[in-house]
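Peer 1:
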Amino acid sequence: MARIPENFVQDLLARTDLVELIDARVPLKKTGRNYSACCPFHQEKTPSFTVAPDKQFYYCFGCGASGNAAGFLMEYEHLNFPEAVKQLADRAGMEVPESRPETTADRQKKDRLQSLYDLLSRAEKFYVQQLRQAPERQKAVNYLKNRGLSGEIAKQFAIGFAPPGYDNLINGLSLTETSLEQAVTGGLLVRREDNNRTYDKFRDRIIFPIRDSRGRTIGFGGRVLGDGKPKYLNSPETPVFHKGQELYGLWEWRQSRDRSDRLYVVEGYMDVIALTQHGVPNVVATLGTATTEDHARKLFRQVNEVILCFDGDKAGVRAAWRALESLLPALDDGKQVRFLFLPDGEDPDTLVRQQGPEALRALTDKADALSTYLFRHLSEGLDLETVDGRVRLARLALPYLDKPAGPVYRALLTEELSRLTRLDKESLIQLKPAPAAPRPTPSTSSPAGNAYDYGHGYEDFGSPPPPTEDDPGIPYPEDFAFADGGNNGSSNNFTADNRNRIRPNPRQNGGRKGPLTLAERLVLVLLDYPSLVEQHPLPDNIEQLPLPHIDLLTQVAGLCRQNHSAAALLGALMALEQGETLSRLLKASLKPPMEEEMATRLWLDALSQLEVTRLEAALTEVEQAGMPDPAHWQALHKALAEARQHARKPFD
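Numbering (UniProt numbering), first residue to last: 1 to 652.
1. Buried or exposed: which applies to L427, given that a residue is buried once 16 or more other Cβ atoms fall within 10 Å of its Cβ?
2. For the region 517-525 against the region 592-611, do three or more pairs of beta-carbon atoms, one drawn from each stretch, fall closer than 8 Å, so that the two count as touching?
3. Contact between the region 284-302 and the region 370-390: three or more CB pairs below 8 Å?
4. Could you compute how far the alpha carbon of E642 sits from the alpha carbon of P537?
5. Taking DSSP as the reference, what is the three-state secondary structure of A369?
6. Mapping DSSP to helix, strand and coil, what is P464?
7. Report back the beta-carbon spacing between V352 and L275 to the nearest angstrom; my notes put them in contact at under 8 Å.
8. From R254, A330, L188 and T613, pick the residue whose C-alpha is nearest to that of K403; which is it?
9. Out of curiosity, what's the CA-to-CA distance linking P53 and H646?
10. Shortest alpha-carbon distance to N541 belongs to which of Q555, L233 and R214?
11. Do the CB positions of L518 and L559 come within less than 8 Å of each other?
12. Can you tell me whether DSSP reads A617 as helix, strand or coil?
13. Return the chain-ordered ranges of every alpha helix (DSSP H) run that is complete within the region 9-49 and spans a minimum of 4 residues.
14. Just confirm the distance between the C-beta atoms of T414 and R390, as a whole number of angstroms; I'd bet it's less than 8 Å.
15. Measure from the alpha carbon of Q302 to the alpha carbon of each residue in P230, P47 and K29, then state which is nearest.
16. State yes or no: is the C-beta of P5 within less than 8 Å of the C-beta of P97?
17. Given that a residue counts as buried once 16 or more other Cβ atoms are within 10 Å of its Cβ, and exposed if not, what is Q354?
18. Please classify N498 as buried or exposed, where buried requires at least 16 neighbouring CB atoms within 10 angstroms.
19. Go ahead and label H78 buried or exposed: buried means 16 or more other beta carbons lie within 10 angstroms of its beta carbon, across all protein chains shown.
20. Scan the region 115-199 and note each continuous beta strand (DSSP E) run of 3 residues or more that stays entirely inside, going in chain order.
21. What are the residues that DSSP puts in a beta bridge with G219?
22. Can you grab the Cα-Cα spacing for the pair A639 / D629, in whole Å?
23. Can you tell me which of G160, Y264 and D111 puts its alpha carbon nearest to the alpha carbon of R361?
24. To the nearest angstrom, report how far apart T286 and G312 are at their CA atoms.
25. First and last residue of the beta strand (DSSP E) that includes C309?
26. Return the Cβ separation of V184 and G160 in integer angstroms, given the expectation that the two are a contact with Cβ distance under 8 Å.
27. So is E358 buried or exposed if we call it buried at 16+ other beta carbons inside 10 Å?
28. Could you give the distance in angstroms between the alpha-carbon of F126 and the alpha-carbon of L169?
29. Inspect the beta-carbon positions of L120 and I218 and report whether they are closer than 8 Å.
30. Report the option in L173, D424 and L615 whose CA atom is closest to the CA atom of residue 707.
31. In this structure, does DSSP put Q255 in helix, strand or coil?
32. Just checking: is the beta-carbon of R91 within a distance shorter than 8 Å of some beta-carbon in chain D?
33. Going by Cα to Cα distance, which pick from A24, I22 and Q56 is closest to R33?
34. Determine contact between the region 104-123 and the region 238-245, defined as no fewer than three beta-carbon pairs at a distance below 8 Å.
35. Taking C-alpha atoms, which residue in L615, Y529, G187 and E416 lies nearest to R601?
36. Kindly list the residues whose CB is nearer than 7 Å to the CB of L396, restricted to its own chain and excluding five residues on each side of it in sequence; keep chain order.
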């Protein structure tokens, strides 16, 4: 049956900010990690409608309504699925491809992208391991110590080390011919044109992983340790990494407990890391490019106030003006941009390290509003006491008056220009140039002007060693409790319809309460880390085990292999006839996710326990059949004994 290609829908959901989409229709208020409002789907006085920006889904604790961006539009605007996709595509400036069945080429493309994400994740772990174990690690550790950064902050940002040499990554990841080509595509390796050989792109450098808005590693930055050039090296443009769209540190800030409605934008990795360590976590950096309109829209989806930090020299002023031109089209009413120019010889890191975060906040209080900087820059060198000077300012400023998205902002800019030029507003409006033809979207791969970064550093630097065989493991969160046995109170009374939603009534007395089952908790883990099921697959035939909700776990595991976007995965889950169970899980998933290391340990422990249960069931089946084959019976007994020896309950 013809349908919209799945890879297009996933890409569209990845480009859609659910908070922005819903906030345009239902005003949202930030409450902790999430956003809330009175539910648009039922009458209520106390807000119970929650939007989770990290997972890109919504849930109502009152009526049970839930879904992703497509589901919200279908429900709120009474659209069918193709209509909702069309509206999202128009909003994102994308064209919906002609509906057709998913082809082999589509699946291959999706698989290639997922393989690339997996390879980049493996590379990140390799670089982190090298900072702990490589023979040449000491100079990297010393550099980081001298910069004053702690081991804790290094772990938070997954800082790593690429040792000297041309094949460390190739050998460390045991790359095959196929994965070598993927590594070239992903910017990890370089292929020489003269002999077609590949070598490591990052060598003798401190490594900074770059993550996208979903926490996936998409690229790297490297700071050279010796006298090599360039001083800073970024991943090239790849199928998953576009410098003009990404912001370093945004994922890490969203995972923090900071609830600021302000983001600082600085010019380098080390500034972000150092400021975060010194109590200013609401900071991001562009990635060797000028600030783009895509950056601006992404920033304003997170906060209402953006503080741009620049050097006070000529290069900093040029960068600030380019940023202003990029930000104006994204500047809506209620949003604020300020320009902070640092004193000579200062950068954000040294300022905060030497004088504390209060010094940065004091400078922030004196930072220029966008309108102030706009007119000051344009009037530089002009004598506004003369007619000629005011005419010149009017001619320079008029093209900028209609650029902001917000109508109130446009009106106030016109009013300010009227004050400066002594021309009435009506005259200025008449003098505005005719609208220009729409410009093509700026290329995200175009080279930018000067990119700045200042290295900094690792007091008390040290990382915990890898777990040993007798490691008791990471303790699980206190609320991570499981039900010991089955509970069949879950009802399959939900029938999926084309609105891609679930709506059990959470106020019904018949709803199941109490701790989640093992299978439900594992589903919860997969909602945060869907790639676990590929890295560590479920045991064979576990869907036949007599465990509650095991069928849901196997269904979700299958979906995880297809949908690695949280929004796409949740959309697929909602088509399962597990309404009440999924409702419980969606509510539970609104809590902050556990750390990946803890989630991986829990998943592996659960797999070992499931393997014990599977072998016990197989042995029982053989014994109940009567006259079992002795060799088969002994093999099962031996396998069960070994499994029990190595198993550790994930909820002990």
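Each residue gets a CB set at the ideal place from its N, CA and C atoms; glycine is no exception.
Being a predicted model, the structure only gives us computed values, none of them experimental.
Peer 2: Once the coordinates are examined:
1. Here the question's residue 427 lines up with position 427 in the sequence shown. Sequence check: residue 427 is Ser here, not Leu. Exposed is the call here.
2. yes
3. no
4. Numbered from its first residue, the sequence shown carries residue 642 at position 642. Numbered from its first residue, the sequence shown carries residue 537 at position 537. Cα to Cα, E642 sits roughly 19 Å from P537.
5. As a position in the sequence shown, residue 369 is number 369, starting the count at 1. Correct three-state label for A369: strand.
6. Within the sequence shown, residue 464 is the residue found at index 464, counting from 1. Summary for P464: the model assigns pLDDT 31, below 50, so the residue's position carries little reliability, and this model does not support an answer.
7. Counting from one through the sequence shown, the residue named residue 352 turns up at place 352. Counting from one through the sequence shown, the residue named residue 275 turns up at place 275. With a Cβ gap of about 6 Å, V352 and L275 count as contacting.
8. Position 403 of the sequence shown, counting from 1, holds the residue named residue 403. Ranking the options by Cα distance to K403, first place goes to A330.
9. Against the sequence shown, residue 53 aligns to sequence position 53. Against the sequence shown, residue 646 aligns to sequence position 646. Approximately 39 Å between the Cα atoms of the pair.
10. Working through the sequence shown from its first residue, we reach residue 541 at position 541. Among Q555, L233 and R214, the Cα nearest to that of N541 is on Q555.
11. For the purposes of this step, residue 518 is identified with residue 518 of the sequence shown, where counting begins at 1. For the purposes of this step, residue 559 is identified with residue 559 of the sequence shown, where counting begins at 1. No, Cβ-Cβ distance for L518 and L559 is not below 8 Å.
12. Here residue 617 refers to the residue found at position 617 when the sequence shown is read from its first residue. Residue state, collapsed to three classes: helix.
13. 18-23
14. As a working note, residue 414 is residue 414 in the sequence shown. As a working note, residue 390 is residue 390 in the sequence shown. Actually they do not touch by this definition, with Cβ atoms about 15 Å apart.
15. Residue mapping note: residue 302 aligns to position 302 of the sequence shown, counting from 1. Answer by Cα proximity: K29.
16. Residue mapping note: residue 5 aligns to position 5 of the sequence shown, counting from 1. Residue mapping note: residue 97 aligns to position 97 of the sequence shown, counting from 1. For P5 and P97, yes; Cβs fall inside 8 Å.
17. By one-based count along the sequence shown, residue 354 stands at place 354. So Q354 ends up on the exposed side.
18. Translated into positions along the sequence shown, residue 498 becomes position 498. With a pLDDT of 34 at N498, under the threshold of 50, the predicted position of this residue should be treated as unreliable, though the coordinate-derived value follows. Exposed, by the Cβ-count rule.
19. The count along the sequence shown starts at 1 and reaches residue 78 at position 78. Exposed, since its Cβ has fewer than 16 Cβ neighbours within 10 Å.
20. 160-162 and 189-191
21. Position 219 of the sequence shown, counted from the first residue, corresponds to residue 219. Note: G219 sits in a beta bridge opposite I210.
22. In the sequence shown, counting from the first residue as 1, residue 639 sits at position 639. In the sequence shown, counting from the first residue as 1, residue 629 sits at position 629. Between A639 and D629, the C-alpha separation is close to 15 Å.
23. The residue you call residue 361 lines up with position 361 of the sequence shown. The shortest C-alpha separation from R361 is found at Y264.
24. Numbered from its first residue, the sequence shown carries residue 286 at position 286. Numbered from its first residue, the sequence shown carries residue 312 at position 312. When rounded, the distance between both Cα atoms is 18 Å.
25. Locating residue 309 in the sequence shown gives position 309, where the first residue counts as 1. C309 -> beta strand (DSSP E) spans E305 to D311.
26. Position 184 of the sequence shown holds residue 184. Position 160 of the sequence shown holds residue 160. Their Cβ separation, rounded to whole angstroms, is 20 Å, which puts V184 and G160 out of contact at 8 Å.
27. On the sequence shown, residue 358 is found 358 positions in, with the first residue counted as 1. E358 should be labelled exposed.
28. For the purposes of this step, residue 126 is taken as residue 126 along the sequence shown, with counting starting at 1. For the purposes of this step, residue 169 is taken as residue 169 along the sequence shown, with counting starting at 1. C-alpha separation (whole angstroms): 8 Å.
29. As a position in the sequence shown, residue 120 is number 120, starting the count at 1. As a position in the sequence shown, residue 218 is number 218, starting the count at 1. Their beta carbons are under 8 Å apart, which means L120 touches I218 by this criterion.
30. A query on residue 707 cannot be resolved here, the shown segment of the chain reaching from 1 to 652 and no further.
31. Counted from its first residue, the sequence shown places residue 255 at position 255. Q255: helix per DSSP, three-state reduction.
32. The question asks about chain D, but that chain is absent: this structure has only one protein chain.
33. To locate residue 33, count along the sequence shown from 1; it is residue 33. Considering only alpha carbons, the answer is Q56.
34. yes
35. Residue numbering aside, residue 601 sits at position 601 when the sequence shown is read from its first letter. Taking only the C-alpha atoms, the option nearest R601 is Y529.
36. Here residue 396 refers to the residue found at position 396 of the sequence shown. Closer than 7 Å at Cβ, skipping near neighbours: L378.
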